[in-house]
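Below: one structure, written as structure tokens.
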């Protein structure tokens, strides 16, 4: 089983209320779209003020974000899961209605450090 399929399996086990939408035949095996469904549930929880649920979602993701909590180097390459979480999930969430929790603050700081270090190591961006 691929890492992405295992991730989706664990996601659906942890949050069975969203599994029908995540496993919809129109997006089955399109990982970034499945992550988009997870993002929609998260955004709904943020907008509805259900911060306990939002924290549960972020805590589920925490083990998959190990590279954003450390300085990237040329030997570290982000996994497909990590890329999708950063680009299709966190990068598209609107946090304006969400008070800063420790979990979100940790993710946001890690992402900023990750982006800053990645850009400083990317010769094309520097030129």
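Residue numbers (this note's numbering): -12 to 114. Cβ coordinates follow ideal geometry from the N, Cα and C atoms, glycine included.
Is residue i buried or exposed, if buried means 16 or more other CB atoms sit within 10 Å of its CB?
i	result
residue 82	exposed
residue 17	exposed
residue 52	buried
residue 116	This structure cannot settle anything about residue 116, because the visible part of the chain is limited to -12 through 114.
residue 48	buried
How is the alpha helix (DSSP H) around residue i delimited, first residue to last?
i	result
residue 36	Looking at the DSSP string, residue 36 is not in any alpha helix (DSSP H), and its letter there is neither H nor E.
residue 1	-10 to 1
residue 79	Run containing residue 79: none; DSSP gives neither H nor E here.
Compute the beta-carbon to beta-carbon distance between residue i and residue j, rounded to the nearest angstrom, for a pair I have assumed lies under 8 Å.
i	j	result
residue 76	residue 2	So it is not a contact: roughly 13 Å between Cβ atoms.
residue 30	residue 80	6 Å
Among the options, which has the Cα closest to the Cα of residue i?
i	options	result
residue -10	69, 78, 14, 74	69
residue 4	66, 79, 15, 44	44
Closer than 7 Å by C-beta to residue i: which residues in its own chain qualify, once you throw out the five before and the five after it? Chain order, please.
i	result
residue 34	84
Short of 8 Å in beta carbon distance, which residues of its chain neighbour residue i, apart from the five on each side in sequence? Order them along the chain.
i	result
residue 22	71, 72, 75, 76
Using a Cβ-Cβ cut-off of 6 Å (strictly less than) and excluding sequence neighbours within five positions of residue i, which residues of its own chain qualify?
i	result
residue 8	24
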